[in-house]
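According to the numbering used here, the sequence shown holds residues -1 to 116 in order. Where a beta carbon is used, it is the ideal one built from N, C-alpha and C, also for glycine. Report on the structure given below.
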Amino acid sequence: QVQLVESGGGLVQAGGSLRLSCAASATVFSFNVMGWYRQAPGEQRELVATIIRGGSTNYADSVKGRFTISRDSAKNTVYLQMDSLKPEDTAVYYCYGQTGLFRFSDYWGQGTQVTVSS
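In structure tokens form, the structure reads like this:
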């Protein structure tokens, strides 16, 4: 069973930075895609950023130019560098991973809280 464990959340002032980490129990190359989603109170979970096995990345319009997703294959870890944080970035951030070829399996971390104060 694949496990994803997030870390790095916390409280930061607007304009500040945080780096989230997602440690996987399997090599990052076993995932078709890995990424970060977030969910604010009363809102639906939304995509923040993804990285596919080949390395291409994708970002939500709201975070483009401020957030960067990356991975370290030696550590089986995916990162989300968040700069120029805004109060509206406040949410629980979840790491996501999908494996499989013809049948897909989705995995989620437990979530880490990010709070941006104004």
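Neighbourhood of residue i by C-beta, 8 Å cutoff - its chain only, sequence neighbours within 5 removed
i: residue 58; result: 44, 45, 46, 47
Own chain partners of residue i with C-beta closer than 6 Å, once the 5 adjacent residues on each side are dropped
i: residue 31; result: 48, 50, 96
Buried or exposed by the 16-neighbour rule on C-beta atoms within 10 Å, applied to residue i
i: residue 53; result: exposed
i: residue 25; result: exposed
i: residue 102; result: exposed
i: residue 106; result: exposed
i: residue 122; result: Outside the displayed range of the chain (-1 to 116) lies residue 122, so it cannot be described from this structure.
Bridge-paired residues (DSSP) for residue i
i: residue 37; result: 90
i: residue 8; result: 112
i: residue 68; result: 77
Closer than 7 Å: residue i CB and nearest the ligand NAD heavy atom
i: residue 54; result: In the structure shown, the ligand NAD is absent, as is every other ligand, since no ligand is present at all.
Residues near residue i by beta carbon distance below 7 Å, same chain, minus five either side
i: residue 27; result: 51, 71
Among the options, nearest to residue i - alpha-carbon criterion
i: residue 34; options: 76, 15, 62; result: 76
i: residue 3; options: 78, 108, 60; result: 108
> Is the number of C-beta pairs between the stretch 87 to 95 and the stretch 31 to 43 that are closer than 8 Å three or more?
Replying inline: yes
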